[in-house]
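In what follows, a single structure is set out as structure tokens and then discussed.
Residue numbers (the working numbering), protein chains in the order written: chain D, 407 to 751; chain Z, 407 to 751.
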């Protein structure tokens with residue numbers, strides 16, 4: 407008579423609903439939530455079920471964080487920076503312009519003090535967070551015309567959101583926020599001049615190459631965007647410890663698998679795009695340098711006006727500065743030499 | 407009466423022993439096995455226990471793979487390339503000279519077909535494998551004198567093992583294989599001229615800076631060495647599916663945590679080393695270029711004489727070539743621009 411309740415307590419049947427921040431068509435990034443769901447179910451012999459819904463099926467992405475806070479759904483798997491409208495500090499957990507690459511972002515969050523700082527901030531919205539995916543450095547967008555200098559940005563309608571958009575606005579561009587599904591017709595009609603989306607694999611599926619010939623890099627506003635699993639804090643805390651541990655490990659699995667998928671799929675997609683006539687272009691140095699200057703001015707402005715930003719940004723910036731110094735030594739030289747030898751043929 | 411046996415089958419008490427390939431003093435890389443052990447225990451409410459032993463306490467590292475194959479212990483957490491004496495193909499799972507960086511190695515194994523190729527090969531030794539850690543690009547070793555050109559390598563006694571040692575031998579050096587604990591006195595007495603170990607954090611603890619002033623980079627023979635969990639195949643297959651899933655997710659957690667720890671600890675250690683007078687030196691281009699040429703000659707020799715090598719190496723090489731093309735675009739340009747701006751001050 408004692409055994410049954412004890413077992414019921416340690417392995418209860420739990421069903422959660424998770425609203426993804428992404429449509430199913432973005433299979434790699436959407437797949438992160440599926441990886442978590444499957445791993446948690448497999449680990450618990452099906453006792454802990456997390457049902458994944460695409461963005462908009464239950465909850466549109468802009469309302470997903472509120473929905474988790476209000477316990478309408480238990481979780482969302484999404485980009486923290488979709489919520490910069492609530493507070494720009496949400497951007498730091500994902501990526502901010504000229505920030506960290508994927509390894510550095512993982513390191514800062516996991517072992518560099520970032521997790522605690524972010525969870526203190528996210529805690530104001532009633533959620534806890536797990537890093538659960540990354541796309542790597544994104545591309546810099548599809549342009550109908552070449553950009554030769556900062557002057558060419560003046561008045562151009564560039565589909566780019568968040569802090570990247572604020573930096574572009576400082577350079578004279580007119581950032582546009584339109585949903586992914588509306589980008590193609592807007593580029594085709596010339597309603598917008600340029601649009602950034604993700605990277606080769608995701609971009610190729612939307613066919614942008616047919617309406618904008620120049621494919622710029624790098625997406626300097628997203629050097630290594632982390633995707634997060636956000637969970638209602640009370641629901642998380644009510645989980646048995648074993649399910650908490652399962653959720654943490656499953657998130658790490660999603661983190662690894664998503665990055666690996668992008669690092670295989672983009673390799674194929676960039677070859678296919680270039681083979682079909684897409685013109686790769688590096689943003690000119692004067693654009694990058696002006697954007698860099700504008701970026702750190704923006705960060706200082708935010709630090710002066712927003713205590714949340716200041717609290718998370720300052721230790722983040724210290725890690726960035728010191729990490730860059732180290733990564734420039736062994737890691738960067740290894741990459742640099744290998745790529746140079748390849749370019750020589 | 408039915409419930410108890412069913413529960414016993416789905417969550418049996420299992421105790422495994424794992425021999426680490428590393429001493430406890432290498433806390434970050436040794437810690438990978440502890441991360442796996444803790445996660446698996448937490449996830450299963452303590453039912454699946456993996457006890458971790460430092461290298462040599464039960465089994466010395468060179469015998470660990472045999473010990474897992476023979477089921478003397480169930481698992482080892484180690485570098486596959488420690489077993490190149492059995493077959494050079496063991497090196498590919500960890501890192502081979504001028505190979506992949508950490509992200510690329512993860513991608514190739516996880517999503518690029520590597521896991522299947524490696525497990526077919528490892529299966530000849532009765533084990534299954536999980537990627538469970540990485541150090542990132544290692545440093546190129548501690549030298550008592552500066553190396554100005556390939557000529558300076560002639561006859562120098564360099565503590566370096568595996569395929570890196572075979573490449574160095576082609577360049578005229580005399581590779582030495584001595585255990586980590588013997589490096590310091592050998593460098594101090596001048597019995598050896600140089601020694602490679604890991605990177606700033608691990609190297610600093612052994613005090614090499616006191617006996618060899620020049621700290622070279624990059625460790626081109628280890629661009630992104632993956633650390634593996636190897637498990638006796640029959641023991642793995644006998645696990646309940648839920649424990650298999652737990653082991654997989656726990657390995658992913660160890661993979662993330664180890665990389666993040668190195669990417670935080672090395673940042674601090676390189677500053678400390680440089681602050682104490684260590685002289686950082688990049689290997690001269692003629693050394694790197696000669697090593698690059700010697701490396702790919704070696705790979706062709708191995709492909710001609712070893713069917714295992716050929717089978718794993720050729721698809722690996724294809725991924726490397728195509729991945730380099732993609733990583734050179736967004737990822738490398740993002741890093742490159744950021745590091746350049748930092749260097750400008």
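Every residue gets a Cβ at the ideal spot worked out from N, C-alpha and C, and that includes glycine.
Note that this is a predicted model, so its numbers are computed, not measured.
Under the three-state DSSP convention, the category residue i falls into
i: residue 735 (chain D); result: coil
i: residue 450 (chain Z); result: coil
i: residue 507 (chain D); result: coil
i: residue 840 (chain D); result: With chain D represented from 407 up to 751, any question about residue 840 (chain D) goes unanswered, as that position is not in the structure.
i: residue 418 (chain D); result: coil
i: residue 744 (chain D); result: helix
i: residue 645 (chain D); result: coil
i: residue 542 (chain Z); result: coil
i: residue 501 (chain Z); result: coil
i: residue 676 (chain D); result: helix
i: residue 712 (chain D); result: coil
i: residue 494 (chain Z); result: coil
i: residue 614 (chain D); result: helix
i: residue 474 (chain D); result: helix
i: residue 722 (chain Z); result: helix
i: residue 657 (chain D); result: helix
i: residue 750 (chain D); result: helix
i: residue 518 (chain D); result: coil
i: residue 462 (chain D); result: coil
i: residue 702 (chain Z); result: helix
i: residue 586 (chain D); result: helix
i: residue 512 (chain D); result: helix
i: residue 681 (chain Z); result: helix
Distance, residue j Cα to residue i Cα
i: residue 588 (chain Z); j: residue 496 (chain Z); result: 25 Å
i: residue 581 (chain Z); j: residue 574 (chain Z); result: 7 Å
i: residue 748 (chain Z); j: residue 542 (chain D); result: 21 Å
i: residue 737 (chain Z); j: residue 745 (chain Z); result: 12 Å
i: residue 663 (chain Z); j: residue 438 (chain Z); result: 8 Å
i: residue 501 (chain D); j: residue 511 (chain D); result: 8 Å
i: residue 675 (chain D); j: residue 609 (chain D); result: 9 Å
i: residue 390 (chain Z); j: residue 471 (chain D); result: The structure shown does not extend to residue 390 (chain Z), since chain Z spans only 407 to 751, so no value can be given for it.
i: residue 490 (chain Z); j: residue 498 (chain Z); result: 10 Å
i: residue 752 (chain Z); j: residue 596 (chain Z); result: Lying outside 407 to 751, the shown extent of chain Z, residue 752 (chain Z) is not represented and no answer is given.
i: residue 473 (chain Z); j: residue 428 (chain D); result: 47 Å
i: residue 421 (chain D); j: residue 529 (chain D); result: 23 Å
i: residue 614 (chain Z); j: residue 731 (chain D); result: 21 Å
i: residue 551 (chain D); j: residue 540 (chain D); result: 30 Å
i: residue 727 (chain D); j: residue 673 (chain Z); result: 10 Å
i: residue 487 (chain Z); j: residue 509 (chain Z); result: 18 Å
i: residue 577 (chain Z); j: residue 505 (chain Z); result: 18 Å
i: residue 556 (chain Z); j: residue 564 (chain D); result: 51 Å
i: residue 692 (chain Z); j: residue 461 (chain Z); result: 38 Å
Bridge-paired residues (DSSP) for residue i
i: residue 621 (chain Z); result: Z:548 and Z:686
i: residue 638 (chain Z); result: Z:533
i: residue 527 (chain Z); result: Looking at the DSSP assignment, residue 527 (chain Z) forms no beta bridge with any residue, so it has no partner.
i: residue 426 (chain D); result: D:483
i: residue 456 (chain D); result: D:422
i: residue 564 (chain D); result: D:581 and D:600
i: residue 632 (chain Z); result: Z:540
Beta carbon proximity, residue i to chain C, threshold 8 Å
i: residue 420 (chain D); result: Given the protein chain composition of this structure (D and Z), no chain C is represented.
Taking Cβ-Cβ distances below 7 Å as the criterion, which residues of the region 656-667 of chain Z are in contact with chain D?
For the region 656-667 of chain Z, the set of positions with a beta-carbon nearer than 7 Å to some beta-carbon of chain D reads 656, 658, 659, 661, 662, 663, 665, 666 and 667 in chain order.
May I ask you to list, following chain order, the residues of the region 534-553 of chain Z that have a beta carbon less than 9 Å from some beta carbon of chain D?
Only those residues of the region 534-553 of chain Z whose C-beta falls short of 9 Å from the nearest C-beta of chain D are listed: 537, 542, 543, 544, 545 and 546.
If contact is defined by three or more beta carbon pairs under 8 Å, each pair taking one atom from either stretch, is the region 509-518 of chain Z in contact with the region 623-633 of chain Z?
The region 509-518 of chain Z and the region 623-633 of chain Z touch, with three or more beta-carbon pairs separated by less than 8 Å.
Can we say the region 599-609 of chain D touches the region 477-485 of chain D, given the rule of at least three CB pairs closer than 8 Å?
The region 599-609 of chain D, when compared against the region 477-485 of chain D, does not touch it at the 8 Å Cβ threshold.
Interface positions of the region 561-591 of chain Z facing chain D (Cβ-Cβ less than 8 Å), listed along the chain
Residues of the region 561-591 of chain Z with a Cβ closer than 8 Å to any Cβ of chain D: none.
To be precise: take each residue of the region 673-705 of chain Z, compare its Cβ to all Cβ atoms of chain D, and keep it if any distance is under 7 Å. Which residues remain?
Within the region 673-705 of chain Z, the residues whose Cβ lies closer than 7 Å to some Cβ of chain D are 673, 676, 677, 686, 688, 694 and 698, listed in chain order.
Can we say the region 654-663 of chain D touches the region 717-730 of chain Z, given the rule of at least three CB pairs closer than 8 Å?
Look at the beta carbons and you see the region 654-663 of chain D not touching the region 717-730 of chain Z: under three pairs across the two are nearer than 8 Å.
Would the region 670-689 of chain D count as touching the region 614-631 of chain D if we require 3 or more Cβ pairs under 8 Å?
Contact annotation: the region 670-689 of chain D touches the region 614-631 of chain D, with at least three C-beta pairs closer than 8 Å.
Determine which residues of the region 726-744 of chain D have a Cβ less than 9 Å from any Cβ of chain Z, and write them out in chain order.
Closer than 9 Å at the C-beta level to chain Z, one finds these residues of the region 726-744 of chain D: 726, 727, 728, 729, 730, 731, 732, 733, 734, 735, 736, 737, 738, 739, 740, 741, 742, 743 and 744.
Residues from the region 628-652 of chain Z in contact with chain D, defined by Cβ distance under 7 Å
The region 628-652 of chain Z vs chain D, Cβ under 7 Å: 629, 647, 648, 651 and 652.
Evaluate contact between the region 560-578 of chain Z and the region 693-706 of chain Z, counting only Cβ atoms and requiring at least three cross-stretch pairs below 8 Å.
The answer is yes - the region 693-706 of chain Z touches the region 560-578 of chain Z, with three or more Cβ pairs under 8 Å.
Inspect the CB distances between the region 644-653 of chain D and the region 441-452 of chain Z and report whether three or more fall short of 8 Å.
Note that the region 644-653 of chain D touches the region 441-452 of chain Z; at least 3 beta-carbon pairs, one per stretch, sit closer than 8 Å.
Taking beta-carbon pairs under 8 Å, can you tell me which members of the region 472-495 of chain Z lie near chain D?
Cβ contacts with chain D: none found.
Indicate whether the contact test is met: 3 or more Cβ pairs, each with one atom in the region 515-535 of chain D and one in the region 721-733 of chain D, closer than 8 Å.
Counting C-beta pairs closer than 8 Å gives three or more between the region 515-535 of chain D and the region 721-733 of chain D, which meets the contact rule.
Counting only Cβ-Cβ distances shorter than 7 Å, please list the residues of the region 606-630 of chain D near chain Z, keeping chain order.
Shown in chain order are the members of the region 606-630 of chain D whose Cβ falls below 7 Å from a Cβ of chain Z: 623, 624, 625, 626 and 629.
Short-range partners of chain Z found in the region 512-531 of chain D, where Cβ spacing is below 9 Å:
Result list: 512, 513, 514, 515, 516, 517, 518 and 519.
Which residues of the region 428-446 of chain Z have a Cβ closer than 8 Å to any Cβ of chain D? Give them in chain order.
The residues in question are 445.
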